[in-house]
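Novice:
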Amino acid sequence: MNTRKIRVRFAPSPTGLLHVGNARTALYNWLFARRNGGDFILRIEDTDVERSEARYETQLMEDLQWLGLDWDEGPGEPGEKGSKTKDKGPNGPYRQSERQQIYTKLTKKLLKDGLAYRCFCTVEELEADRRTAVARHQPQVYSGRCRKLPLKAIVKNLDAGKPFTVRLKVGEQPLRFHDMVRGDVEFASETVSDPILVRSGYENLPGMPVYNFVVAVDDALMGITHVIRGDDHISNTPKQVAIYQAFGWKVPQFAHLSTILGADRERLSKRHGATSISSFREMGYLPEALINYLALLGWGAEDGRTETFTMPELLKAFTLERVTPSPAIFDFDKLNWLNRHFMKTASSSRLARLAWEYFGFMLPEKDQASDDVLVWFANLVQLFSQSVDHLDQLPAKALFMFGFNATEARAKEENAEILAADSSRLVLGELANRARAHYEPVTPEIFKEWMNAIKEATGIKGKELFHPVRIALTGTHSGPEFDKLIPLMEQGSTLRLGVPSVRSRIERFVGV
RNA sequence: GGCGCUAUCGUCUAGGGGUUAGGACGUGAGAUUCUCAAUCUUAAAACCCGGGUUCGAUUCCCGGUAGCGCUACCA
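In the working numbering, the protein residues as written are 14 to 525.
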């Protein structure tokens, strides 16, 4: 029955970093739009002048782009740090701060049509009403005192220069809307009462419109067909519906997404650790892992078992009908699992490119690195990324590749214990003998021969054999397989990165 | 206080009037490996409570409880 093109919007306020909750809202909007051939609109709700900052707006757009969520209409592309950009799309402006005249014009219309009225009640009066309402166990709503103010009284107040707010006249009928996630929702009109549309102001100096007014106006004027947002807006929705009705606008479909909670069941916040998209990026999470995880937080595939999705797969599978209404706790473990999954499927060159920055002084400037270094590093990243949750953990794991402190390795408590054994001394002695007599690069084959020979000569095998050798080479008794490690060390030692060769490691550790 | 939303393993979820209540993360055990990670196998683990409807409710209805949200001239 509704053949209008689907149009959805994501409307963040630039008062801080984009966090995972909002990012999920953006994702669901984007998926819904893309899947149904609709438009995804980005609108900046920057009416809170105190807290809004242009740099957050830029950051916001960069975060969305990083996630792969592009918009059809909105404030252009992110500009130079915090500079405002030109609108893209025919329904702008897309910043609420630039839409004031629109709101003022519509307020006048409402007033003229008798659908809204000036309210001269003071904050103190309102506060008193509220207190009595609570005492009487009644809803705290506006009494409607100024609704029936005779014209004479209004003129008198205006002449006296009294400031006023503008309130909407809400009718008797219950306010209903359909929620695609929760079904039909209904509010009795007396629990909504006459909401303020415009803050205190004067005839010649109108006040600022309030949020509920501007969202409804913007959504309607921008032709939004589906409002997908957080469930903290459910209680606002009847007010917005009343506004739509006053203007005679078609009420959109709503879909209210559940809250994302921390492990303590409180709303997820900075207190729970990293929650902003940019912090996840900085930690070396892959965008596709975050997207996949966010998709799973409050939605499940139809087959009830698929957990990993690429973006095209998500696009195919996602429907609003399968979004769950109950709140979800953010599970860092599962995110980590997904990130490990996507690190395995990512190409080693991409991983290497992303991981480069975490290695700081260990590596040369990226654009000055030779191809040999690039290839070597890609191999290193591929090997070590198997044992990390996210990329920024890589340098700690691979540190021993770049330098080797024999004294420190010996001093470590768990190492000292192993090294103290007679068998270890024997093994390392044998190893040193072989290394001394060997001037060619060590291959995994040669290394294997050494180990076999040592095993024969000493009768030591298994842990007693490998543990001390691993410590001598890497400084710890855990790490990747020697087959992979040995070539990496040998190749690395030719690259002027300060990577010690196998032989030099042994020499440094055992002594010459 | 009022209004609203929500309720299946620890977590994310599937399911739905009769099921061995399924999957995934995490956890335990085992296999593998020199070790860690990975991988494979395997185990433990859930329908908030009380009424009603019904031959039968975890599923439908009502109530309670709990959590969360809104209750602003914030967004």
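Heads up, the beta-carbon is just placed ideally off N, CA and C, and yes, glycines get one too.
1) My guess is that L181 and D142 are in contact by the Cβ rule of under 8 Å, so how many angstroms apart are they, rounded?
2) Give, in chain order, every unbroken run of the alpha helix (DSSP H) that is at least 4 residues long and sits entirely within the region 374 to 418.
3) For F390, tell me which candidate among Q406, K252 and F372 has the shortest Cα-Cα distance.
4) Which two residues bound the contiguous alpha helix (DSSP H) that contains V254?
5) Have a look at A276, L270 and G105 and flag the residue whose alpha-carbon is nearest the alpha-carbon of A39.
6) For L536 and Q253, I'd like the C-alpha separation in whole angstroms.
7) List in chain order: all unbroken alpha helix (DSSP H) runs of 4+ residues lying wholly within the region 94 to 133.
8) Decide if P265 is buried, meaning its Cβ has at least 16 other Cβ atoms within 10 Å, or exposed.
9) Given that a residue counts as buried once 16 or more other Cβ atoms are within 10 Å of its Cβ, and exposed if not, what is N465?
10) Using 10 angstroms around the beta-carbon of Y155, count the other beta-carbons present and answer buried if the total reaches 16, otherwise exposed.
11) Could you compute how far the alpha carbon of T204 sits from the alpha carbon of R131?
12) Only counting the same chain, and skipping five residues up and downstream in sequence, which positions put a Cβ closer than 7 Å to that of A470?
13) Could you spell out where the alpha helix (DSSP H) holding L303 opens and where it closes?
14) Kindly identify the DSSP beta-bridge partner or partners of L270.
15) By Cβ distance below 7 Å, which residues in the same chain neighbour G5 in space, the five residues on each side in sequence not counted?
16) Distance check for R423 and D83, CA to CA, integer angstroms please.
17) What are the residues that DSSP puts in a beta bridge with T178?
18) From V394 to H403, what distance separates their C-alpha atoms?
19) Only counting runs of 4 or more residues, tell me where the alpha helix (DSSP H) segments fall wholly within the region 171 to 222, in order along the chain.
20) Assuming F522 is part of the alpha helix (DSSP H), what are its boundary residues?
21) Report the residue from F343, F331, F267 and S289 whose alpha carbon sits nearest the alpha carbon of D197.
22) Relative to the alpha-carbon of I519, which residue among I209, V455, A448 and I467 has its alpha-carbon at the smallest distance?
23) Give me the Cα-Cα distance between L80 and E477, rounded to the nearest whole angstrom.
24) Skipping 5 residues on each side, what residues in its chain have a beta carbon closer than 6 Å to that of R22?
25) To the nearest angstrom, how far is it from the Cα of K357 to the Cα of E315?
26) Are the beta-carbon atoms belonging to T487 and F413 less than 8 Å from one another?
27) So A129 and V179 are supposed to be a Cβ contact under 8 Å. How far apart are they, rounded?
28) Quick one, which of E216, G34 and P25 has its alpha-carbon nearest A341's?
29) Between the beta-carbon of V240 and the beta-carbon of D231, is there less than 8 Å?
30) Ends of the alpha helix (DSSP H) at D346?
31) I believe N49 touches I19 by the beta-carbon criterion, under 8 Å. Please report the beta-carbon distance rounded to the nearest angstrom.
32) Helix, strand or coil, according to DSSP, for F331 in the structure here?
33) Check whether the Cβ atoms of S13 and L123 sit closer than 8 Å, and answer yes or no.
34) Would the beta-carbon of G311 fall within 8 Å of that of R37?
35) For S301, is the classification buried or exposed, using 16 other Cβ atoms within 10 angstroms of its Cβ as the cut-off for buried?
36) Assign L164 to one of three DSSP states: helix, strand, or coil.
Specialist: In brief:
1) No, L181 and D142 are not in contact; Cβ-Cβ is about 18 Å, not under 8 Å.
2) 384 to 397 and 407 to 415
3) F372
4) Where V254 is concerned, the enclosing alpha helix (DSSP H) stretches over T250 to F260.
5) L270
6) The shown model of the chain, from 14 to 525, leaves out residue 536, and the question about it has no answer.
7) 113 to 125
8) buried
9) exposed
10) buried
11) Their Cα atoms are separated by approximately 20 Å.
12) In the same chain as A470, and ignoring 5 residues on each side of it, the C-beta atoms closer than 7 Å to its own belong to E443, in chain order.
13) P300 to L309
14) G243
15) No information on residue 5 is available, as it lies outside the stretch 14 to 525 that the chain covers here.
16) 53 Å
17) C132
18) 11 Å
19) none
20) V515 to V523
21) F267
22) A448
23) 48 Å
24) I54, R56 and I237
25) For K357 and E315, the distance between alpha carbons rounds to 25 Å.
26) yes
27) A129 to V179, Cβ: 5 Å. Contact.
28) Its Cα nearest to that of A341, the residue G34 stands out among E216, G34 and P25.
29) no
30) F345 to T358
31) 5 Å
32) Three-state DSSP puts F331 in coil, outside helix and strand.
33) Only positions 14 to 525 of the chain appear in this structure, which leaves residue 13 out of reach.
34) Remark: C-beta atoms of G311 and R37 approach each other more closely than 8 Å.
35) Contrary to the premise, residue 301 reads as Glu rather than Ser in this sequence. With 16 or more Cβ atoms within 10 Å of its Cβ, E301 is classed as buried.
36) helix
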